[in-house]
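Asks: Starting off with a structure, shown below.
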Amino acid sequence: MSQRFCTKCERTMDELQFYTYKNGEKVEICKKCMTMHIDNDSPETYMWLLKKMDVPYIKTEWDSLLYKAKEKAGPYKALTGMSVFGKYLSKMKLKQWGQYGWEDTERLQAEKEMKSAAAASQAPPTQSKEVLQEMYDNGEISEAEFLTLTEEPELSGPPQDHYYPENNPYPIVNLPNPADDLTEEDMVYLVNKWGRFHKPEQLLFLETLYNNMMDSFDIQSASREDALKKLCKTSLKMEEAIDCGDVDTYQKYSRVYDLLSKSGRFSEAQNKDQAPSFLGSVS
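Take 0 as the starting number for the sequence shown in numbering that gives the first Met the number 0 and just add one per residue.
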């Protein structure tokens, strides 16, 4: 196992405790030191690090990962600087973003805004409620059409026992779906890797977890890589089961997950990271 020296905390630790530049070289300071002052809700605290790592800042992608991290942590567990940053770097390795660097940030943001503006400009003009009322009174439109065009839509939220904390800044109705930005090339790659029976958001979950695990463990054999893919698929099943409150199914897959972790040597004790204080550093 290769060891590296952190120039900030002056500790020697496994090289997996250091993020990797695009050229393959390791960052000079460890993950914990590098992210110690990140406030996940304040871009000014981490944008300089994205520039250092030469990856673009895509606000919707960061916000989506942050929302998931908060949802997973719950109201009583605080996030750390590593909760989103590492996952974001892994996301930027996908073909969709891999060819871009920090200097592309403004251009990508401008393109996204232009697409949104173009979509808005192509939308048919809406008529005022007064005009629609007059058309209805004159018999020009049916009652069903009038009600459809004038009534406020009812937004169905999550089940009552799944409500998120009131101070959550990312309400579910406004949450962007990062899978919407996957290109055709991304989809071909992901389907070939994971199979064609998964939705885009499921493929994205699998690929992100796979990249995080590859960064955390020394996986060099085909058999271990295959075991990792099965572990990722099992983790996806666990997430979906617990999200819909199916505890029995969750427990069943949890047992399978534990067996795969042990047989594939993916437990924390077998992680290259041996120091307890650095658990979760792949986040």
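Cβ coordinates follow ideal geometry from the N, Cα and C atoms, glycine included. For clarity, every value in this text was computed on a predicted model and none was experimentally measured.
1) Which of the three DSSP states is assigned to T11 in this structure?
2) With DSSP collapsed to three states, give me the class of T233.
3) I need the straight-line Cα distance from F277 to A118, nearest angstrom please.
4) In chain order, what residues of the same chain have a beta carbon less than 7 Å from the beta carbon of A72, not counting five sequence neighbours either side?
5) For W96, count neighbouring C-beta atoms within 10 Å of its own C-beta (all shown protein chains included) and say buried if the count is 16 or more, exposed if not.
6) Under 8 Å, Cβ to Cβ, is there at least one residue of chain C near Y99?
7) Assign N210 to buried or exposed, taking buried as 16 or more other Cβ atoms, counted over all protein chains shown, within 10 Å of its Cβ.
8) Which of helix, strand or coil does DSSP assign to T79?
9) Going by other Cβ atoms of all chains shown within 10 Å of its Cβ, with 16 needed for buried, is C29 buried or exposed?
10) Which stretch, first to last residue, makes up the beta strand (DSSP E) that contains R3?
11) Hey, out of I241, S141, N39, M12, whose CA is closest to E27's CA?
12) Among residues of its own chain, excluding the 5 on either side of A178, which ones have a beta-carbon nearer than 7 Å to its beta-carbon?
13) Here's the rule: buried if 16 or more other CB atoms are within 10 angstroms of the residue's CB, otherwise exposed. What is G85?
14) Apart from the five residues just before and just after K25, which ones in its own chain have a Cβ nearer than 8 Å to its Cβ?
15) When DSSP labels each residue in this structure, what does K25 get in the three-state scheme?
16) Please report the straight-line C-alpha distance between A195 and Y99, rounded to a whole angstrom.
17) From E238 to S253, what does the alpha carbon distance come to, in whole angstroms?
Replies: Once the coordinates are examined:
1) strand
2) helix
3) Caution is warranted here: a pLDDT of 38 is assigned to F277, below 50, making its placement in the model unreliable, and the coordinate value is therefore given only provisionally. When rounded, the distance between both Cα atoms is 45 Å.
4) L78
5) buried
6) Here chain C cannot be found, since the structure has a single protein chain.
7) buried
8) coil
9) buried
10) 2-4
11) M12
12) P199, E200, L203
13) buried
14) R3, E14, F17, Y18, T19
15) strand
16) Note that residue 195 is Arg in the sequence shown, not Ala. Straight-line Cα distance between these residues: approximately 27 Å.
17) 10 Å
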